[in-house]
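Residue numbers (the numbering used here): 6 to 51.
Where is the CB? At the ideal position from N, CA and C, for every residue including glycine.
Just below is one structure, and these are the notes that go with it.
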């Protein structure tokens, strides 16, 4: 019983880590793009 539970949690653990990794990379891309647009707006204001 306990062993099957561990196997299930381990099976659901891996895709979650991959999901988080892809989400973090997407977030990084968004933050970089936002930073670039902010820098562009700042240089335009000057």
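Whole-angstrom distance between residue 36 and residue 23, CA atom to CA atom:
So the alpha carbons of these two residues sit roughly 20 Å apart.
Whole-angstrom distance between residue 41 and residue 34, CA atom to CA atom:
Whole-angstrom Cα-Cα distance: 11 Å.
Euclidean distance between Cα positions of residue 46 and residue 39:
Using only the alpha carbons, I get a separation of about 10 Å.
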